[in-house]
Structures are given as C-alpha cells and as structure tokens.
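Its first residue numbered 1, the sequence shown is counted upward by one per residue in full-length UniProt numbering.
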Amino acid sequence: MRESRLPRVRASELVGRGWLNTGGRDVTLADLRGKIVLLDFWTFCCINCLHVLDELRELEEQHRDVLVIVGVHSPKFVHEADPVALAAAVERYEVHHPVLDDPQLVTWSAYTARAWPTLVVIDPEGYVVAQMAGEGHKRNVEILVGELIAEHEAKGTLHRGDGPYVPPAPAEGTLRFPAKAIVLPDGHLLVADAGHHSLAELEADGETLVRRIGSGERGLVDGGPDQARFSEPNGLCLVPDELRSVLGYDVLVADTVNHALRGVRLADGSVTTVAGTGEQYMVGAADNFLASDEDEDEADEELASVAVIGEPGDAVAGLTARAGTFVPGPRRHKLSSPWDVAWSEPLGAFVVAMAGNHTLWAFDDKQGSIDLLGGTMNEGLLDGPLHEAWFAQPSGLAVASDDRIWLADSETSALRWVDPVERTVHTVVGEGLFDFGHRDGPAAEARLQHPLGVAVLPDGSVVVADTYNGAVRRYADGEVSTLATDLAEPSGIVVLDGGSTLLVVESAAHRLTRIALAARLVGQILDSGSHRTQRPVTELAPGEVRLDVVFTPAAGQKYDDRYGPSTRLQVSSTPPGLLLDGAGDDVPLDRVLRLDPTVTEGVLHVTAHAASCDADPAIEYPACHLNAQDWGVPIRLVEGAPAVLTLPLHG
1 MRESRLPRVR
11 ASELVGRGWL
21 NTGGRDVTLA
31 DLRGKIVLLD
41 FWTFCCINCL
51 HVLDELRELE
61 EQHRDVLVIV
71 GVHSPKFVHE
81 ADPVALAAAV
91 ERYEVHHPVL
101 DDPQLVTWSA
111 YTARAWPTLV
121 VIDPEGYVVA
131 QMAGEGHKRN
141 VEILVGELIA
151 EHEAKGTLHR
161 GDGPYVPPAP
171 AEGTLRFPAK
181 AIVLPDGHLL
191 VADAGHHSLA
201 ELEADGETLV
211 RRIGSGERGL
221 VDGGPDQARF
231 SEPNGLCLVP
241 DELRSVLGYD
251 VLVADTVNHA
261 LRGVRLADGS
271 VTTVAGTGEQ
281 YMVGAADNFL
291 ASDEDEDEAD
301 EELASVAVIG
311 EPGDAVAGLT
321 ARAGTFVPGP
331 RRHKLSSPWD
341 VAWSEPLGAF
351 VVAMAGNHTL
361 WAFDDKQGSI
371 DLLGGTMNEG
381 LLDGPLHEAW
391 FAQPSGLAVA
401 SDDRIWLADS
411 ETSALRWVDP
421 VERTVHTVVG
431 EGLFDFGHRD
441 GPAAEARLQH
451 PLGVAVLPDG
461 SVVVADTYNG
471 AVRRYADGEV
481 STLATDLAEP
491 SGIVVLDGGS
501 TLLVVESAAH
511 RLTRIALAAR
521 LVGQILDSGS
531 HRTQRPVTEL
541 APGEVRLDVV
551 FTPAAGQKYD
561 DRYGPSTRLQ
571 VSSTPPGLLL
581 DGAGDDVPLD
591 RVLRLDPTVT
601 EGVLHVTAHA
611 ASCDADPAIE
621 YPACHLNAQD
631 WGVPIRLVEG
641 APAVLTLPLH
651 G
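See the structure below:
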C-alpha cells in the first residue's frame, strides 16, 4: 500500500459554516492530532456517497479509539446547502461521526476534490497520505488504517481515546423519514418507514398504527413481523392478484441499503428475501453473481458466460453486464440500492429502479429471473434504446393505463418514461446532471430539483414528488405546473379517492399529508429560476489540453489485461461545442483535447474505467475488479492557465 500514498503534504484546516454531531463545538486539525483522520467529502443526494457511509460503518466502530471520520458535506443542489436539510440528512442516514457543513466548498477546494464521494486520509502527525475518488475502497482503507496504526504506535504518535463525536438526542414518533406508501386491499396504508428500518401499516387516516412489520433494527433477517429486519426500505408494490398464491407474498419491497428485494405476506406479516444476496453489486466485480461457496462449480460456469458479454478482446466491456444477457437466479444475484418497484403487464415482471448503478431491471419471480432491462451503468441522461440509455439514480416508478412506465430520475432532475414494448426511454423534463431548479411552463424549459416520486392521475397526467423543491408538480399536455409547495422533502405520492386526493409522503416531516386536487388541477405557474451546480471552476488554457487519468491499482492488485485492453475513457462536454477534438470513447486513460477558445466556460464530462485483478500468482482464479469514476469538471478557459488536467482513479 505504501506505493499508492501521496507525498507528505500538510493537511489543510477544516473550514465551513459549522459542525454537526459535535455537541456544538468546532473541530480543528489540532484537536485531531494523534488520530488517524478520514475526510469523507459527500453530498446527501449522491447514492455513491450513501454507499460509502455504509462501507465505513464497520471500520468506524472497530477503530473508534484511533480513527476519526469527518464528513465534509459539499452540496450539489441548492436544497442541500440548507443547514436544516443537512441536519435532517445526517439523522436520516445515521451518520455517527462529526460533519463539517461546507456550503461554499471551501474545504472541498483546499483538498482539490473533484468528485462525490472523495476520501482523504490524514495521518496522526497531520499529513495527507492518501486520496481516492468514488466508492468501493473499504478494503484499501482497512489496510491503510492498519499500517498507520502500527507505524504511529511504534513512533509514539498515536493517541487512543474518544474522538469529538457527540450523538444527537433520539427522535420519537410513529414514522421516521418515511419513503413511500401504497394502499392495501383492505384500505389500510403500508408505509416504508425507512428511518425505523421497518414497514408501518396504518389505518386509512394515515396516522393510526395498526402494526409494524420488522423489528426496527437495521439488518437483513427473514421471518415474522417481530423478527424480520430491513435497512432503509423505500419502494413498495402490490403483487398482482393472480400471482400472490403462486409467489407466496402480497407486497414486494425495495430494501435499499440491504441491496435486496423482500416479499411480505400480509396475512401474518412474514418477510422473505426474494432477490439479492445482501451485498452490493459492484460494477465489473467478478463475484456479483455468487451467493455462497457451495455453488462454486455452477458459478464457474455462469462466470464463464459472463466473461464474453462484451466485445471480444475488451476486458472492460467484458466485465460490464448488458441488457438481455445471462444472469443467475435472483437470490444469487447482487443488487445495488433498489429504490422503487412497479409491476409492468407487458413485461410480465416487476420493474426495479436500481439507483445504485443507474439502471432498470426486470424481476420475474415466477420464472426465477432478474435481468438488466435498461441502462449502461454510466450516470447521465441519454434517451433511446434501453440497452444504450443512461440513467442517474432512478428513484420513483409509476405505471400508466397505457403501460408507459414513468420514472423520476433524481440526479438529472428529470421526468422520463419507458415504452416497455419498444424498449425505449424518453425525457419530457430535464437537461442533465448539473441543471435543475423550480420552473413551470413548457416542459422543455421546466426544471425540477432531485425528484424521488411519481404517480399517474386518472386523466393520464403525471404528478411528481419534487423532493428538493419541497413541491408537488404536474406534467400534462407538454406543460408543467405546481400543485403544492412548502412540503418537507416529499418522496412518494399515492393517488386516492379516484384521483381527487393525493397522499404525499413528507419524508423530512415524518408524516403523510393529504392534498385535495379539485381546486388545484389548473395549478400555479411558478418560476424560481433554473440553476447549474456550482463548484470551484478549473482554469485551463484554450486550445490543446492534455487529460491524464492516473490509475493506481489497489494493494495486492495489478492491471488486468488478460483479455485485451484493461482501460476505457469517455469524454464529452457541455456545451458540446466546447470540445473541438477529443470527445468520444477510446482505450487509453490519457488524451489530448482541443478546447474552443470562443467558448469561455463549460463542463467536461469524463468517465474512466480500469480493470484490475489479484496479483498473487498462487491464486488460480484471481478476482477481477472494474474501477470506475465519473467526473463533471467545470472549466473556464484563460490564457496562460495550465494545459494539463489530471484526475485520480484509485483501485
């Protein structure tokens, strides 16, 4: 691990608007001297950042006397810069370490972070020793922390004892950060009570608790309502009547942080895992299809078929699943943060919004299959055939009477729809990863802000839980209007009373709220403006600029070039005219770009992949890994500025 560390550079001071989880105290680097410090640059909209929070939980508990994790919250969306919203997110995601509120990205800039998430490791003497972008670094961090403990204990520079974390007072209430809800056949409501890691069945009034399914403890355990455990469940879907007796359950649950789908039998509240192993699907990992060592022989055959998915001789493509390819049974296939589920009659399957790797999947439990339906696992907004489309944290699904599958694509602040017969996707609202706002009017000009929920009214119009705008929006006949405002992070919508009432899941207010539609369907026309994500701008010289993506394989790994090129680099820009040359998809991780001097500023979109494998020659079947990272780098062209842009991609 030593070879991948950075030169000894003093860590910059931690500067921001304030601190959370410290009992009101500010924290300085001097306070942390003698501890290993891990800075986690995150923003609470980002699914990859949420994955990192979960990756670090065990490490944090194991080394709490010597390791201090500091979350540096660097917001993407305007809503995330609200200190009240940040405090709610820290509580929602059970962040058990100090968090620096950095809305102006001061500390982000000081550490030259360019992507969410980014991890920075500081040794007990105050020097930066490692920086890595993206998720999946748990093992590398474990190794590095172990090395630093041994090194600084020997030097006498490691100080054991409590860190600056002060837990907040626990919250009380029937619901805690509810996510989504459905109406049960008997008229009761079933709510995914994410903050309580359970499901809450309520009377039709939306307040009276009938029963709770799940013990309330975070975990992945099947069984009766008092024994079963969930971890931040989100989406819910009623199983079609004709399938309930066949499948043995009545409700399908997207159990997000468990990376699983769970079946719930309403008669007795029993819970069964029906898809997923409990581990996260990592793009390109060779063991995404393994559930246990007992299946090793059969798994070898399955992995052999997976190895030829991509173009011949392309190791990177060969590690990436494609729509329509072979996958094993659903209980032996890893998933990645399923956020919502909906039944599609033309597909004869449940559609799963797989937020964690920006895809849609089709789950057919009668046939025992789960297949990639759409998305390339690249994050972005690209319409067309599903197998070529790009999504960005799809988080809400609703099926219309014409079988269209409406989709809230949260990170592109987009409303999109899928044709399940033609297998295509279309966008009606949204521009891309960096454009958002609250603007009504023609759909092409309208803006949303990180929507998480969607529903279809009887007249065919679509209502959206516009989460970070705190609003309910309506799309009809090519126009967008606002039906309600001043809601606390609405994340789900249920249509009631034949379409005359909406039941809105107000997640950050821990409640369900009814909205009568009779006088609202005309809607308000609001324009609070559109925004583009504001991050520190990188100044580059106009003309030729060299892009270098520096890849360092993780400890114990090496480049995997057994089947051909092990790297891939995709480059594009907003606006497209910024790049006169250098856009497109190629193998090398370095490229000469030609930037148009007449386009003074824009965003470079860079996606890099690098395949690596275990380096130990004694391992007969080395594990393979696909390291991937997306960057959106805001740039400004300035004469005399650097003509090199370097981005780190760590294994």
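Backbone N, C-alpha and C fix where the C-beta goes; we use that ideal spot for every residue, glycine too. For clarity, every value in this text was computed on a predicted model and none was experimentally measured.
- The stretch 53 to 60 and the stretch 11 to 29 do not touch, with fewer than three beta-carbon pairs separated by less than 8 Å.
- Excluding the 5 residues flanking it on each side, residue 268 has same chain C-beta neighbours closer than 8 Å at 224, 225, in chain order.
- In this chain, residue 254 is not harboured by any alpha helix (DSSP H); it is covered by the beta strand (DSSP E) spanning 251 to 255.
- Shown here, residue 35 sits in coil according to DSSP, grouped into three states, outside any helix or strand.
- Out of 445, 163, 166, 193, the CA that lies nearest to the CA of residue 174 is found in 193.
- When DSSP states are grouped into helix, strand and coil, residue 334 belongs to the coil group.
- With contacts defined by Cβ atoms closer than 8 Å, residue 465 and residue 493 form a contacting pair.
- Straight-line measurement puts the Cα of residue 364 at about 12 Å from the Cα of residue 261.
- A buried status is given to residue 265, since no fewer than 16 other beta-carbon atoms sit within 10 Å of its beta-carbon.
- Taking C-beta atoms as the reference points, residue 393 and residue 411 count as a pair closer than 8 Å.
- Annotation for residue 62: the continuous alpha helix (DSSP H) segment containing it runs 47 to 62.
- Take the alpha-carbon of residue 597 and the one of residue 540: they are about 10 Å apart.
- The Cβ-Cβ distance between residue 569 and residue 595 does not fall below 8 Å.
- In the DSSP assignment, residue 546 is bridged to 592, 644.
- Out of 402, 502, 70, the CA that lies nearest to the CA of residue 95 is found in 70.
- Around the CB of residue 352, 16 or more other CB atoms lie within 10 Å, so the residue is classed as buried.
- Exclusion of the five residues before and after residue 354 leaves 336, 338, 361 as the residues of its chain whose Cβ lies within less than 6 Å of its Cβ.
- If you look at residue 364, you'll find it isn't in any alpha helix (DSSP H); it sits in the beta strand (DSSP E) that goes 359 to 364.
- Secondary structure at residue 97: coil, using DSSP grouped into helix, strand and coil.
- Around the Cβ of residue 209, a 10 Å sphere holds fewer than 16 other Cβ atoms; the residue is exposed.
- Between the alpha carbons of residue 380 and residue 390 lies a gap of roughly 5 Å.
- Within the stretch 206 to 239, the runs of beta strand (DSSP E) at least 3 residues long that lie entirely inside it are, in chain order, 209 to 213, 233 to 238.
- Shown here, residue 165 sits in coil according to DSSP, grouped into three states, outside any helix or strand.
- The criterion of a C-beta distance shorter than 8 Å is satisfied by residue 197 and residue 216.
- If you keep only unbroken beta strand (DSSP E) runs of at least 3 residues inside the stretch 127 to 189, you get 127 to 133, 178 to 183.
- In the structure shown, the three-state DSSP call for residue 68 is strand.
- Straight-line measurement puts the Cα of residue 231 at about 21 Å from the Cα of residue 467.
- Here residue 333 is near residue 275, since their CB atoms are less than 8 Å apart.
- According to DSSP, residue 282 shares a beta bridge with no other residue.
- Cβ contact annotation for residue 385 (same chain, cutoff 7 Å, sequence separation greater than five): 423, 424, in chain order.
- In the structure shown, the three-state DSSP call for residue 40 is strand.
- Nearest to residue 642 by C-alpha distance, out of 609, 633, 573, 538, is 538.
- When rounded, the separation of the alpha-carbon atoms in residue 601 and residue 548 is 20 Å.
- Residues of the same chain with a CB within less than 6 Å of the CB of residue 638, apart from the 5 flanking positions on each side, are 539 in chain order.
- Annotation: the continuous beta strand (DSSP E) that includes residue 572 extends over 567 to 574.
- Contact between residue 80 and residue 43 is confirmed by a C-beta separation of about 6 Å, below the 8 Å threshold.
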